[in-house]
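**Student:** Sharing a structure, written as C-alpha cells. Questions coming.
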Amino acid sequence: MKRLVLCFDGSWNRLDAPHPTNVLLTAESVMPMADKSVGQITFYDEGVGSEDGDAFVGGVFGAGLVKNLSDGYRFLIFNYSPGDEIFVFGFSRGAYTARSFIGLLSTCGILHRQHARRANEAVDLYKRRRISELFQEEVLRFRSECSPHICVSDREDAWRTNHVAQYRKGSSPLLKVKYLGVWDTVGALGIPRYFVLANAINRIHQFHDVSLSPIVEQARHAVAIDEQKVDFEPTLWENLRELNLDRHANPESADAPYQQMWFPGRHGSVGGGGERRGLSDLALEWIWDGARQAGLDLDASPQSHLARLRSSHRENLINRDKQAGFNPVGFVLDRLPTAARQPGPQRLHEVSPMARRRWKERPINLPEAQAYRPATLRPLESELDAQPDDIVGVPEQGDEGFLIYIVKPNDTLERISDQIYGTPAKAEAIFQANLNKLSGPGDLHSGQSLRLPAI
1 MKRLVLCFDG
11 SWNRLDAPHP
21 TNVLLTAESV
31 MPMADKSVGQ
41 ITFYDEGVGS
51 EDGDAFVGGV
61 FGAGLVKNLS
71 DGYRFLIFNY
81 SPGDEIFVFG
91 FSRGAYTARS
101 FIGLLSTCGI
111 LHRQHARRAN
121 EAVDLYKRRR
131 ISELFQEEVL
141 RFRSECSPHI
151 CVSDREDAWR
161 TNHVAQYRKG
171 SSPLLKVKYL
181 GVWDTVGALG
191 IPRYFVLANA
201 INRIHQFHDV
211 SLSPIVEQAR
221 HAVAIDEQKV
231 DFEPTLWENL
241 RELNLDRHAN
251 PESADAPYQQ
261 MWFPGRHGSV
271 GGGGERRGLS
281 DLALEWIWDG
291 ARQAGLDLDA
301 SPQSHLARLR
311 SSHRENLINR
321 DKQAGFNPVG
331 FVLDRLPTAA
341 RQPGPQRLHE
351 VSPMARRRWK
361 ERPINLPEAQ
371 AYRPATLRPL
381 ESELDAQPDD
391 IVGVPEQGDE
401 GFLIYIVKPN
411 DTLERISDQI
421 YGTPAKAEAI
431 FQANLNKLSG
441 PGDLHSGQSL
451 RLPAI
C-alpha cells in the first residue's frame, strides 16, 4: 500500500511563486516515506493561467482546467494499485478541479495502466456525463473493460456479477478516496455570468461534477467569509448532513468525517499566496488536521512548514498589498461587481472558532479598528454575540517558546501534559496556548497539531 497525494493549485499560482499557497505548502510537507515504510507520492499541478502567455485567458476565464484534470488522472493511472490511499487537495479553481477530479473518478473509475492510452476517451466520456439509464449502462461497460481491477460502487459490483463472464461478487474492491481537502472552491468558468449571452457560452463547462461523492471517506472545505467579488462565488457542498448521518456521525461534531467551515478573510486569506499568512495559516491547519486524522504523514520537524505556522484571527482580512505597476489581470479583477457572500453559514458549528473569536475581539486589536461584523454572518448574529467574551483567549503566539505535538488516539490534555511535563497540571496552559483552534479542553482528535509551551 502507498499514498497518492494530488495537489491542484489556484489560478495564476506557480511553483516558483514568492508566497506559496496552502496547496503548495501541502505538497512540500508530504513526507516521501511515512511511518511503517508506507510510500507517499505527490503530484503538484500549477493553477490555470500559470503558464506564460496564458495568464489572462486561463486565469480569468478558466481555460486549461480540463488539461489540469487530465494530467492528474494520468498520474493516478500510472501509479495506482488497489488498496492505495488517495488524498486530494485544491484551492480556488484548483479546488474546483480537485472536486471535478473526484467526479471523474466516480464516473470513469481509474483505468488500469494497460489501458492508459484511453485516458482521453475517459475524460471525453466524463464531459458527456448525464443522468440517464442509457449513459449509466455505457459507463458501466466502459469501466468493466478499462477499469476491471476496481468497482466504484456496490451497484457496479452487482452489475458485473450479472453481466461480466467469470466475475465473482466482491472480487474487485471498491474505489475510495481517503481524504479531500479544499480551500474556497471557486467555479467561475467561461465569461462572467452577467455578460450578454454568458449562460449560452458557459454551458460547455457544465459537465463538471463537484458534488461531494460518497467514494470520499473524509472531506473538509474552508470557505472565505469576506470575499466580495461576485464572480468568486463559492461552490458549496449541499449534502454534508446526509453523508455524515449515513456514516452514523453527528454532523455538528468537531470530528465529523465531512465538514464545511467558514473562515475570516478574503479568498486569498483562506487559501494563501500572500505575504500575510495569519488567517490562511488558520485554514491550513484545519485542513491539515483532517488530513492527518485520515492518515497522511506531514513533516512536523522543527524546520517544517507546520512548525513555522503563525495562525492569528487578528490578521488583516486581505493577505497582500496591491502590486505596483499595471497588471491586466488585476485591472479586470478589481473591476468585477462586489457583494457580500450570501447565503453564508446557517448554523453556528459552520463558523470556525477563528471567526467566532474575531467576532468577539476588541476593535482596537483588529487592523480595521472596528468590530468584525460581516454581512455574511448576520443571520447568526445573536448566537455569535451570546458567546463568552473570554473566547478570544491569549494574544499572538510568538515565534519562540512552543513545541509541536501531534495528538494521538485517546489523548487528553491531561495525558499530554503528564507525558511532556511530568504532571497533568499543565493541561490548562496547553489549552490556553491553542485557543486559536480548540473550542474546549475536550475538543481533541487524532492527528491534530498542538503548540505546547516550552519547558
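In terms of the UniProt record's numbering, the sequence shown opens at residue 1 and continues consecutively. Beta carbons: idealized from backbone N, C-alpha and C, even for Gly.
Just how far apart, CA to CA, sit GLY96 and HIS267?
**Tutor:** It is Tyr, not Gly, that sits at residue 96 in the sequence shown. Rounded to whole angstroms, TYR96 to HIS267 spans 14 angstroms at the Cα level.
**Student:** Taking the beta strand (DSSP E) that GLU85 falls in, what are its first and last residues?
**Tutor:** 85-91
**Student:** Measuring only the C-alpha atoms, how far is PHE8 from ASN22?
**Tutor:** 10 angstroms
**Student:** From ARG118 to ILE77, what does the alpha carbon distance come to, in whole angstroms?
**Tutor:** 10 angstroms
**Student:** Let's see if you can read the secondary structure: which residues bound the beta strand (DSSP E) around TYR258?
**Tutor:** 258-263
**Student:** By alpha-carbon positions, which one of LEU180, ARG310, GLU238 ends up nearest to ILE215?
**Tutor:** Here the closest residue by C-alpha is LEU180.
**Student:** At which residues does the alpha helix (DSSP H) containing ILE416 begin and terminate?
**Tutor:** 413-421
**Student:** Skipping 5 residues on each side, what residues in its chain have a beta carbon closer than 7 angstroms to that of VAL196?
**Tutor:** The predicted position of VAL196 is uncertain, since its pLDDT is 45 and thus under 50; no value can be drawn from it.
**Student:** According to DSSP, is ILE102 part of a helix, a strand, or is it coil?
**Tutor:** helix
**Student:** Quick check: ARG93 and LEU65, are their CB atoms within less than 9 angstroms of each other?
**Tutor:** Yes, Cβ-Cβ distance for ARG93 and LEU65 is below 9 angstroms.
**Student:** Please name the residue in ARG341, PHE75, ILE420, SER171 whose C-alpha comes closest to that of LYS229.
**Tutor:** ARG341
**Student:** If we call anything under 9 angstroms between Cβ atoms a contact, is ILE225 one with TRP183?
**Tutor:** no
**Student:** Using the three-state DSSP reduction, which class does HIS445 fall into: helix, strand or coil?
**Tutor:** coil
**Student:** Cα-Cα, which of PHE431, TYR372, PRO251, LEU384 is closest to HIS313?
**Tutor:** TYR372
**Student:** So who's on the other strand from TRP183, going by DSSP bridges?
**Tutor:** PHE91, ALA222
**Student:** In terms of residue numbering, what span does the beta strand (DSSP E) encompassing GLY146 cover?
**Tutor:** The residue you asked about is not Gly; residue 146 is Cys in the sequence shown. Taken as a continuous stretch (DSSP letters only), CYS146 belongs to no beta strand (DSSP E), being part of the alpha helix (DSSP H) at 133-146.
**Student:** According to DSSP, which residues form a beta bridge with MET31?
**Tutor:** Partner(s): none; MET31 has no beta bridge.
**Student:** Going by DSSP in three states, PRO192 sits in which element: helix, strand or coil?
**Tutor:** Reliability of the predicted coordinates at PRO192 is poor, the pLDDT of 49 falling under 50, and the value obtained from them is presented with this limitation in mind. In the three-state reduction of the DSSP assignment, PRO192 falls in the coil class.
**Student:** Answer yes or no: do ALA300 and ILE406 have a C-beta to C-beta separation smaller than 9 angstroms?
**Tutor:** yes
**Student:** Within the same chain, show all residues whose beta-carbon is closer than 8 angstroms to that of VAL139, passing over the 5 residues directly before and after it, in chain order.
**Tutor:** Only THR107, CYS108, LEU125 meet the Cβ criterion.
**Student:** Tell me which residues share the same chain as LEU272 and place their Cβ nearer than 6 angstroms to its Cβ, disregarding the 5 neighbours each side in the sequence.
**Tutor:** Checking the displayed sequence, the identity of residue 272 turns out to be Gly instead of Leu. Contacts found: THR21, ASN22, SER280.
**Student:** For TYR194 and GLN346, I'd like the C-alpha separation in whole angstroms.
**Tutor:** Confidence in TYR194 is poor, its pLDDT being 49 and thus under 50, which makes the residue's placement unreliable; the coordinate value appears in the next sentence. Cα-Cα distance, rounded: 27 angstroms.
**Student:** Taking the straight line between their C-alpha atoms, what separation do you get for GLY344 and PRO409?
**Tutor:** 33 angstroms
**Student:** Taking all protein chains shown into account, do 16 or more other C-beta atoms lie within 10 angstroms of the C-beta of ILE131, making it buried, or fewer, making it exposed?
**Tutor:** exposed
**Student:** Per DSSP, which residues does VAL177 bridge with? Please list them.
**Tutor:** VAL216
**Student:** PRO424 by DSSP, collapsed to three states: which one?
**Tutor:** helix
**Student:** Quick one: what's ASP45 bridged to in DSSP?
**Tutor:** PHE8
**Student:** Identify every run of the alpha helix (DSSP H) within the segment 245-301, keeping only runs that are complete inside it and at least 4 residues long; order them along the chain.
**Tutor:** 267-271, 278-293
**Student:** Excluding the 5 residues preceding and the 5 following PHE402 in the sequence, name in chain order all residues of the same chain whose CB lies nearer than 6 angstroms to its CB.
**Tutor:** ARG451
**Student:** Secondary structure at LYS229, three-state DSSP: helix, strand or coil?
**Tutor:** strand
**Student:** To the nearest angstrom, how far is it from the Cα of GLY398 to the Cα of GLU46?
**Tutor:** Note on GLY398: pLDDT 46, under 50, position unreliable in the model; no value is reported.
**Student:** So for ALA405, helix, strand or coil by DSSP?
**Tutor:** Position check: residue 405 holds Tyr in this sequence, whereas Ala was assumed. Three-state DSSP puts TYR405 in a strand.
**Student:** Could you tell me whether the Cβ atoms of residue 457 and ASN244 are closer together than 9 angstroms?
**Tutor:** Because the chain here runs from 1 to 455, residue 457 falls outside it and cannot be looked at.
**Student:** So the alpha helix (DSSP H) VAL210 belongs to, where does it begin and stop?
**Tutor:** Unbroken run through VAL210: none, as it is neither H nor E.
**Student:** Pull up the distance between the alpha-carbon of residue 460 and that of SER37, whole angstroms please.
**Tutor:** In the structure as shown, the chain starts at 1 and stops at 455, and residue 460 therefore has no counterpart that could be examined.
**Student:** Going by DSSP, what residues sit across from VAL38 in a beta bridge?
**Tutor:** ALA34
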